[in-house]
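Some notes on the structure that comes next.
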Amino acid sequence: MEQVRSVEAAVQPMLEIVQLTRRLGPGFVLGPIDLSIAPKEIVCLVGHSGCGKSTLLRLIAGIEQPDSGTLQLDGKMLAGPGVFVEPEQRNIGFVFQDYALFPHLTIEQNVMFGLRKWSRDEAKERAKMLLSLTALSAMADRYPHMLSGGEQQRAALARALAPEPAVVLMDEPFSNLDRDLRERVRSDTLALLRRTNTTAIIVTHDPEEALSTGDRVVLMKGGRVVQSGTGRELYDHPSDPYSAEFFSTFTRVPGVYRSGQVHTVLGAFPCWQEVADGSAAVAYIRPQAVYPTVAGNALTGIVRSRSFRGEIEQLELIVDGLESPLIMRTTQHLDVVEGKLRFRIDEDAVFTFADPQP
Amino acid sequence: MRKATWRSGALWLIVAGFTAFAVLLPFLALAFEALQGSEGLWGHLFSTILPVALRDTLILLSGVGIFVAMLGTGAAWLVTAYDFPGRRTLEWALLLPLAVPTYIVAYTYLDILHPIGVVQGTIRTLLGYSSPREFRLPDIRSMAGCILVLSFVLYPYVYIATRSMFLTQPGSLIEAARTLGVSRRAVFWRVALPLARPAVAVGISLALMETLNDIGAAEFLGVRTLTVSIYTTWITRSDLPGASQIALSLLVVVMAIVALEQYARRRQRFAAGTRSGRSFDRQRVSLPVGLALLGLGLIPVLIGFAGPALYLATEAYARLGFAGIPPRFVSIVTATVVFSAAATLMTLALGGAAAYAVRVRSCGFSTTAFRLSAVGYAAPGTVIAIGLVVVLGAFDRTANAYAQSWFGFSTGLIFLGSGAALVYAYSARFMAISSGGMAAALSRIPHSLDEVSRTLGESPSGTLRRVHLPLSKTGIAAAALLVFVDCVKELPATLLLRPLNVETLATHLYGEAARGTYEDASISALAIVLIAMLPVVLLSRVGSERNLRRDVLVPTPLEQLPLQQQAG
Chain H
44 MEQVRSVEAA
54 VQPMLEIVQL
64 TRRLGPGFVL
74 GPIDLSIAPK
84 EIVCLVGHSG
94 CGKSTLLRLI
104 AGIEQPDSGT
114 LQLDGKMLAG
124 PGVFVEPEQR
134 NIGFVFQDYA
144 LFPHLTIEQN
154 VMFGLRKWSR
164 DEAKERAKML
174 LSLTALSAMA
184 DRYPHMLSGG
194 EQQRAALARA
204 LAPEPAVVLM
214 DEPFSNLDRD
224 LRERVRSDTL
234 ALLRRTNTTA
244 IIVTHDPEEA
254 LSTGDRVVLM
264 KGGRVVQSGT
274 GRELYDHPSD
284 PYSAEFFSTF
294 TRVPGVYRSG
304 QVHTVLGAFP
314 CWQEVADGSA
324 AVAYIRPQAV
334 YPTVAGNALT
344 GIVRSRSFRG
354 EIEQLELIVD
364 GLESPLIMRT
374 TQHLDVVEGK
384 LRFRIDEDAV
394 FTFADPQP
Chain P
5 MRKATWRSGA
15 LWLIVAGFTA
25 FAVLLPFLAL
35 AFEALQGSEG
45 LWGHLFSTIL
55 PVALRDTLIL
65 LSGVGIFVAM
75 LGTGAAWLVT
85 AYDFPGRRTL
95 EWALLLPLAV
105 PTYIVAYTYL
115 DILHPIGVVQ
125 GTIRTLLGYS
135 SPREFRLPDI
145 RSMAGCILVL
155 SFVLYPYVYI
165 ATRSMFLTQP
175 GSLIEAARTL
185 GVSRRAVFWR
195 VALPLARPAV
205 AVGISLALME
215 TLNDIGAAEF
225 LGVRTLTVSI
235 YTTWITRSDL
245 PGASQIALSL
255 LVVVMAIVAL
265 EQYARRRQRF
275 AAGTRSGRSF
285 DRQRVSLPVG
295 LALLGLGLIP
305 VLIGFAGPAL
315 YLATEAYARL
325 GFAGIPPRFV
335 SIVTATVVFS
345 AAATLMTLAL
355 GGAAAYAVRV
365 RSCGFSTTAF
375 RLSAVGYAAP
385 GTVIAIGLVV
395 VLGAFDRTAN
405 AYAQSWFGFS
415 TGLIFLGSGA
425 ALVYAYSARF
435 MAISSGGMAA
445 ALSRIPHSLD
455 EVSRTLGESP
465 SGTLRRVHLP
475 LSKTGIAAAA
485 LLVFVDCVKE
495 LPATLLLRPL
505 NVETLATHLY
515 GEAARGTYED
525 ASISALAIVL
535 IAMLPVVLLS
545 RVGSERNLRR
555 DVLVPTPLEQ
565 LPLQQQAG
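Going line by line, the protein sequences match chains H and P.
Residue numbering for the first sequence is 44 to 401, as defined by the numbering used here.
Residue numbering for the second sequence is 5 to 572, as defined by the numbering used here.
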């Protein structure tokens with residue numbers, strides 16, 4: 044299930060997490076988590092709220108202490124049996140969801156906060172460089188409350204990058220921004236991380252953001268890693284139903300597994316899982332996999348609703364033998380005759396999994 | 005689930021633990037000493053002193069409780085429900101009696117209402133009597149007099165708590181009641197008062213704690229409370245076990261009041277759950293009615309503050325014109341300031357550390373230490389002082405004996421002779437102000453600031469210095485002011501623990517009043533009132549919604565502080 048790219052095996056990982064656990068409350072344990080992050084890699088940690096992704100970040104930063112397991116940064120043990128390195132000694136940067144800029148310090152003083160061991164001139168120089176990288180040079184002498192949301196976010200990033208951290212952790216860094224702004228700030232942030240060769244972990248709960256940000260996506264659920272890989276891999280080859288449904292909408296169609304295929308009322312679909320013949324299985328059909336056709340051997344559905352969404356149009360089709368309507372998304376302009384539509388299904392865009400509750 | 009590895013907050017835990025221990029020590033010593041007393045002593049105590057003292061204390065508490073409730077709630081409703089000329093001024097003027105310590109108000113009214121004093125003389129002249137034998141008012145030296153006098157300076161505790169409760173009540177509740185047929189006047193009894201009941205109870209319990217702490221007023225007015233009994237048992241009879249035993253009984257009464265306060269606070273939290281933006285509209289009244297309401301609202305201010313303050317000012321002025329600044333005044337002021345300032349510094353450092361330990365290392369140990377460091381606040385000064393006499397007296401005697409046998413010289417009384425014991429007592433008693441104030445200030449600083457500072461390479465202590473202290477300056481300054489003023493006002497502990505031949509403003513006043521030479525101490529009394537007005541003025545400037553004294557003086561219950569939030 045772990046789809047690690049071949050380059051990673053060759054280099055020493057920047058961050059290596061092995062069997063890390065932390066009790067969060069009665070009946071909820073984070074981990075055990077195994078995660079390895081290569082130098083300069085940007086990893087996006089995604090999951091619903093409460094899945095433990097923020098806690099994992101706080102464990103890496105040393106703000107919280109793990110119960111067991113080890114954490115190594117660039118070969119140096121940060122947390123493990125009898126070892127715990129305080130957050131101030133880890134050289135790990137952190138960008139908080141609310142940015143956590145010190146309200147009593149100017150932007151420049153905020154950026155210089157972590158540069159106490161540097162000489163004054165060097166620190167000034169470094170702050171100046173980061174402020175210009177984040178396009179905040181004009182704001183250097185202002186206080187955080189005088190900045191817009193996007194500017195505050197950049198200031199927080201500049202401050203985290205200033206002490207040249209080995210890894211930067213970002214906890215929902217874009218969630219406090221407007222939609223339009225978010226897009227731009229995200230691409231600016233990624234560009235800056237790439238330019239400074241920074242290893243980074245970005246936490247988000249937004250599936251779209253996860254797919255579009257960074258080199259690798261790590262999906263978490265209930266305190267564990269569900270799947271890890273590139274956005275494309277997770278989207279095209281989800282390892283389980285949770286993973287599949289996290290990133291897109293599906294119509295679930297129940298069926299039966301028989302000799303390598305899942306047979307449903309909509310036809311038979313190939314199945315990669317090895318299941319006993321005759322056992323229950325579910326086909327997950329993406330709305331984009333359903334397309335209209337005029338071919339003779341097509342299926343027929345009754346259109347229950349149509350909603351036009353600009354780039355695409357979504358339809359709900361009632362099909363004989365299906366309990367819930369089949370969802371279809373198309374970019375075509377459809378002529379529906381007498382409320383009926385003939386359609387086919389692209390088999391390659393259908394995922395099949397054994398029924399979790401047979 | 006934290007492992008016992010040495011993390012960088014450990015030093016804070018040690019200081020917090022030390023603080024809690026230091027605050028607890030006098031209580032432990034007290035219990036120890038009380039149990040040392042012979043069986044017979046308990047019997048003697050139960051048959052002679054305790055019944056009277058307990059009865060008088062309970063009557064006094066009940067009386068003060070009822071009166072402060074009426075005065076405080078009435079005043080709070082007056083300024084929240086009605087709009088009349090001078091309302092805003094009255095709003096803060098009603099706080100002024102807080103600046104007058106109980107022993108000063110008792111002392112001034114003893115003189116003002118003396119049979120041959122100003123008031124009774126004027127009344128006699130008006131009515132045409134010539135001698136006090138023909139006409140006199142009921143003697144103020146009585147239980148009733150004591151209850152009234154204390155109530156008029158202690159009602160602001162109820163006023164503060166209740167008014168902020170009224171202000172936060174959503175207007176929709178009152179409006180709903182009105183649409184359901186409740187008249188404007190009846191809204192007070194049907195809706196406002198029931199909702200404010202927990203706040204009233206919190207205010208009453210604070211007023212009662214002050215009542216228990218009082219020693220001057222009760223003694224001047226001839227009420228033999230438990231506190232007075234402790235003092236006389238130790239000072240006149242030198243009976244330390246006896247005094248400890250009465251002090252222990254007093255602590256039981258204190259615990260009952262603390263239980264009341266805790267219960268009320270829990271209720272208050274539920275009541276404060278619904279908070280809407282708009283509070284209800286004040287009723288506009290006609291000018292004559294408005295003036296009448298203003299006059300009504302001014303009564304407690306006149307009796308609790310203006311009367312005593314004016315009296316002290318005129319007396320002090322006459323005194324200054326007649327004899328100039330008393331020769332001892334400078335040394336008295338110096339002693340007062342030195343002891344109070346030392347205690348303030350000590351309290352800020354230790355109390356701040358106790359609060360910061362919870363912030364850095366939130367665990368059972370730090371929260372317990374934080375809570376224990378605040379227990380002195382509820383205890384009367386006499387109780388803490390007796391406890392310290394026990395433990396520090398033993399220490400001083402032992403040290404002295406060893407010094408004599410080993411080195412052949414006498415160290416004297418290291419703690420009790422130097423005033424260190426007094427600074428200790430002040431610190432133990434007022435630790436809650438600084439630890440609570442610091443905790444409240446810290447709770448307004450988001451945790452992410454700590455974390456970002458730590459990830460930027462700063463240690464917990466460095467984070468305190470570079471982030472928390474700059475951000476909580478005002479809160480700390482306010483706590484410092486409150487501690488300082490409370491030290492200046494504190495009488496019972498000062499009486500028992502000051503070094504020989506050293507007088508503070510409060511004890512000087514007490515001494516003169518005990519000798520019956522009131523006028524001589526008017527300058528000291530006025531000085532105390534002026535100093536004590538500082539936080540009240542500050543309080544009125546901070547504004548009505550956020551209440552400094554309630555925030556800082558009354559320790560925030562720990563459950564309300566955002567400790568370690570669990571992010572997903």
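We put the CB at the ideal spot given by N, CA and C, even for glycine.
Limits of the beta strand (DSSP E) - the one that residue i falls within
i	result
Tyr-334/H	333 to 335
Thr-395/H	393 to 397
Cys-87/H	85 to 89
Ile-418/P	Note, Ile-418/P: premise wrong, no beta strand (DSSP E); not H, not E.
Ala-243/H	242 to 247
Pro-503/P	No beta strand (DSSP E) holds Pro-503/P; DSSP gives it neither H nor E.
Tyr-300/H	294 to 301
Ile-345/H	342 to 351
Among the options, nearest to residue i - alpha-carbon criterion
i	options	result
Ala-85/P	Ser-242/P, Ala-196/P and Leu-513/P	Ala-196/P
Thr-373/H	Asn-240/H, Asp-363/H, Val-362/H and Arg-387/H	Arg-387/H
Ser-138/P	Asp-243/P, Leu-54/P, Trp-16/P and Gly-125/P	Residue 138/P is actually Glu in this sequence, not Ser. Glu-138/P has its Cα closest to that of Gly-125/P, out of Asp-243/P, Leu-54/P, Trp-16/P and Gly-125/P.
Glu-317/H	Gly-298/H, Phe-396/H and Ala-326/H	Phe-396/H
Tyr-142/H	Thr-177/H, Arg-133/H, Cys-94/H and Leu-200/H	Leu-200/H
Ser-431/P	Gly-441/P, Ala-222/P, Met-442/P and Ser-377/P	Ser-377/P
Arg-375/P	Val-471/P, Phe-22/P and Ala-14/P	Phe-22/P
Ala-389/P	Leu-102/P, Ile-70/P, Trp-16/P and Leu-29/P	Leu-29/P
Ser-218/H	Glu-251/H, Pro-281/H, Thr-239/H and Arg-237/H	Glu-251/H
Val-109/P	Leu-17/P, Gly-311/P and Pro-245/P	Gly-311/P
Thr-77/P	Leu-349/P, Ala-425/P and Val-204/P	Val-204/P
Tyr-285/H	Phe-71/H, Ala-205/H, Leu-262/H and Pro-56/H	Leu-262/H
Leu-485/P	Ala-346/P, Ala-211/P and Tyr-111/P	Ala-346/P
Val-305/H	Leu-277/H, Glu-390/H and Ser-97/H	Glu-390/H
Asp-87/P	Gly-69/P, Leu-295/P, Ala-24/P and Phe-192/P	Leu-295/P
Burial state of residue i, where buried means 16 or more other Cβ atoms lie within 10 Å
i	result
His-376/H	exposed
Gly-380/P	buried
Thr-336/H	exposed
His-188/H	exposed
Val-293/P	exposed
Ser-146/P	exposed
Gly-35/H	In the structure displayed, chain H extends from 44 to 401; residue 35/H sits before or after that span and is not available.
Leu-34/P	buried
Through-space distance from residue j to residue i, alpha-carbon basis
i	j	result
Gly-412/P	Arg-401/P	15 Å
Leu-500/P	Val-227/P	19 Å
Met-120/H	Glu-131/H	15 Å
Asp-223/H	Leu-233/H	16 Å
Ile-261/P	Ala-383/P	11 Å
Arg-201/P	Leu-264/P	12 Å
Pro-561/P	Ala-444/P	Residue placement at Pro-561/P cannot be trusted, given a pLDDT of 37 that sits under 50; what the coordinates show is reported in the next sentence. Roughly 10 Å between the two C-alpha positions.
Ser-66/P	Thr-215/P	11 Å
Ala-166/H	Met-172/H	10 Å
Ala-324/H	Ser-291/H	19 Å
Ile-303/P	Met-169/P	23 Å
Start-to-end residues for the alpha helix (DSSP H) that takes in residue i
i	result
Tyr-428/P	424 to 447
Val-489/P	477 to 493
For the segment 472 to 488 of chain P, which residues have a CB atom closer than 8 Å to at least one CB atom of chain H, in sequence order? Pro-474 and Leu-475
Proximal residues, the segment 150 to 179 of chain H versus chain P, C-beta separation under 8 Å: Result list: Phe-156, Gly-157, Arg-159 and Lys-160.
Taking any Cβ of chain P, which residues in the segment 189 to 218 of chain H have a Cβ under 9 Å from it, in chain order? Under the 9 Å Cβ criterion, the segment 189 to 218 of chain H contributes Ala-199, Arg-202, Ala-203, Ala-205, Pro-206, Pro-208, Leu-212 and Asp-214.
Against chain H: residues of the segment 359 to 375 of chain P by CB proximity under 8 Å: Flagged: no residues at all.
Quick one, which residues of the segment 72 to 86 of chain H are near chain P if we go by CB-CB under 7 Å, in chain order? none
Give the residues from the segment 92 to 107 of chain H that approach chain P closer than 8 Å (Cβ to any Cβ), ordered along the chain. Ser-92, Gly-93, Cys-94, Gly-95, Lys-96, Ser-97, Thr-98, Arg-101, Ala-104, Gly-105 and Ile-106
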